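Visitor: For the sequence shown, my numbering assigns the number 11 to the initial residue and increments by one for each residue that follows. Pasting a structure below so you can have a look.
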Amino acid sequence: MAALTLLRRGSAPARLLSGTLNARNPCIGATQGCHLRRHFSNNKILVELDEASGVAIMKLNNPPVNSLSLELLTEFCITIEKLEMDRSCRGVILTSAAPKIFSAGLDITEMCGKSAEHYAAFWRAVQELWLTLYGSNMVTIAAINGTSPAAGCLMAMCCDFRIMADNPKYTIGLNETQLGIVAPFWFKDTMTNILGHRLTEQSLQLGQMYTTPEALKIGLVDQLVPEDKVQSTAAAVICNWLAVPAHARQITKSMMRKQNIERLVNHREADIDNFVNFIGKDSIQKSLQVYMDRLKQRKQ
Ligand SMILES: CC/C=C\CCC/C=C/C(=O)SCCNC(=O)CCNC(=O)[C@H](O)C(C)(C)COP(=O)(O)OP(=O)(O)OC[C@H]1O[C@@H](n2cnc3c(N)ncnc32)[C@H](O)[C@@H]1OP(=O)(O)O
């Protein structure tokens with residue numbers, strides 16, 4: 011599946027021309043009470059699409075910690091592609107169905123003790139998630155209702171705007187080095203576009219997890235709100251974004267992200283080979299095993 015939606019579709023004007031009645035303010039229908047909600051869920055992703063507002067709420071649903079397994083990654087990409095093709099959907103709020111955890115990042119068990127073929131398939135699915143979400147034409151808002159390490163943070167960073175629950179227990183960041191692994195160049199590029207080079211270098215080397223006030227201060231998240239206001243704030247924010255003429259916003263988004271997306275597309279196979287070689291090393295397998303053991307010991 012080639013997921014370069016933003017570049018592949020190149021369809022902003024076409025989509026606008028064929029567009030929706032409330033193209034200038036798609037939230038008008040919602041406030042006038044004509045609610046048509048469609049629910050569709052597969053196993054790991056719950057979706058509620060409000061056709062009046064054009065907004066889909068997409069909930070990660072992989073208890074206990076929303077780790078990104080191969081199954082979840084596959085369902086995630088299919089869901090985004092489906093929403094992207096659906097004329098009644100123009101924006102997505104990405105959030106978690108799990109209390110206190112947005113996502114624990116990649117499922118570490120998918121990277122331990124498996125075959126090279128499995129690692130390659132898994133990494134292709136991780137790439138696909140990034141290409142699909144980062145390259146989406148839709149407005150994407152992350153409603154971060156819990157802790158969000160590593161690829162959990164990456165998913166949030168792919169979105170156009172990040173709202174996080176202001177809870178002192180929640181943290182967010184790319185902590186890969188703490189596991190003895192390395193965030194690939196496209197994780198790094200995504201963070202650099204948000205934080206700038208210096209701060210990204212520091213964050214990545216240290217594998218830094220930020221508290222919510224720290225994340226707000228450095229711009230890793232855009233807004234902190236009380237836990238019970240995360241969803242309503244996301245709904246209000248997405249209305250503002252959808253009020254901007256769609257073709258102009260989409261072309262602008264494409265202009266800002268195109269280079270990064272092309273970089274991965276052009277080096278996709280090499281990136282998979284690199285991952286497979288790296289993750290299969292005995293020393294890396296050992297590091298991951300030690301990390302998983304520590305996670306389990308914390309509970310005892
Ligand atoms: C060349 C490139 C090479 C490599 C690039 C790879 C890039 C990697 C990106 C990643 O995303 S790596 C994953 C990083 N994630 C983490 O470090 C998070 C680890 N988890 C936690 O810190 C905590 O679990 C928590 C998310 C803060 C939640 O804590 P809580 O106390 O609520 O739950 P608990 O720790 O008891 O976990 C419950 C259960 O879930 C298992 N678990 C947790 N995280 C993961 C995970 N990422 N993958 C798989 N499994 C995970 C944990 O072991 C517990 O299992 P148990 O009930 O069987 O003991």
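Glycine included, every Cβ here is placed at the ideal spot set by N, Cα and C. Note that the coordinates shown come from a computational prediction; the quantities given were computed from them, not determined experimentally.
Is any heavy atom of ligand 1 found at a distance shorter than 6 Å from the C-beta of residue 199?
Guide: Incorrect: residue 199 has no Cβ contact closer than 6 Å to ligand 1.
Visitor: What are the start and end residues of the alpha helix (DSSP H) that includes residue 262?
Guide: Note, residue 262: alpha helix (DSSP H), 256-276.
Visitor: Would residue 77 be called buried (16 or more neighbouring beta carbons within 10 Å of its own) or exposed?
Guide: It counts as buried.
Visitor: Do you know offhand how far residue 296's Cα is from residue 257's?
Guide: Spanning the two alpha carbons is a distance of roughly 49 Å.
Visitor: Work out the CA separation of residue 140 and residue 282 for me, nearest whole Å.
Guide: Roughly 14 Å between the two C-alpha positions.
Visitor: Is the closest heavy atom of ligand 1 to the C-beta of residue 190 under 6 Å?
Guide: No, ligand 1 has no heavy atom inside 6 Å of this Cβ.
Visitor: Classify residue 195 as helix, strand or coil using the three-state DSSP reduction.
Guide: Helix at residue 195.
Visitor: Is residue 303 a contact residue of ligand 1, with contact defined as CB to any heavy atom under 6 Å?
Guide: Result no, Cβ not under 6 Å from ligand 1.
Visitor: Just to confirm the assignment, what range does the alpha helix (DSSP H) spanning residue 223 have?
Guide: First-last of the alpha helix (DSSP H) with residue 223: 222-228.
Visitor: Within 6 Å: the Cβ of residue 103 and any heavy atom of ligand 3?
Guide: In the structure on display, ligand 3 does not appear, and the ligands it does have are ligand 1.
Visitor: In terms of residues, what are the limits of the beta strand (DSSP E) holding residue 47?
Guide: Counting along the chain, the beta strand (DSSP E) containing residue 47 begins and ends at 47-51.
Visitor: Name the one or two DSSP bridge partners that residue 233 has.
Guide: For residue 233, which the question treats as bridged, DSSP gives the partners 173.
Visitor: Beta-carbon separation of residue 149 and residue 248 under 7 Å?
Guide: Yes, the Cβ-Cβ distance between residue 149 and residue 248 is below 7 Å.
Visitor: Excluding the five sequence neighbours on either side, which residues of its own chain have a C-beta within less than 6 Å of the C-beta of residue 202, listed in chain order?
Guide: Once the five neighbours on either side are set aside, the close Cβ partners of residue 202 are 210.
Visitor: DSSP three-state call for residue 293: helix, strand or coil?
Guide: Note: residue 293 maps to helix in three-state DSSP.
Visitor: Give the C-beta separation of residue 215 and residue 187 to the nearest angstrom, bearing in mind that I take them to be a contact with Cβ-Cβ under 8 Å.
Guide: About 6 Å separates the two Cβ atoms, so the contact holds.
Visitor: Can you list, in chain order, the residues of its chain with a C-beta nearer than 8 Å to that of residue 117? Leave out the 5 residues immediately preceding and following it.
Guide: Within the same chain, residue 117 has close Cβ partners 77, 78, 79, 80 and 82.
Visitor: Per DSSP, residue 110 forms a beta bridge with which residues?
Guide: Residue 110 pairs with 156.
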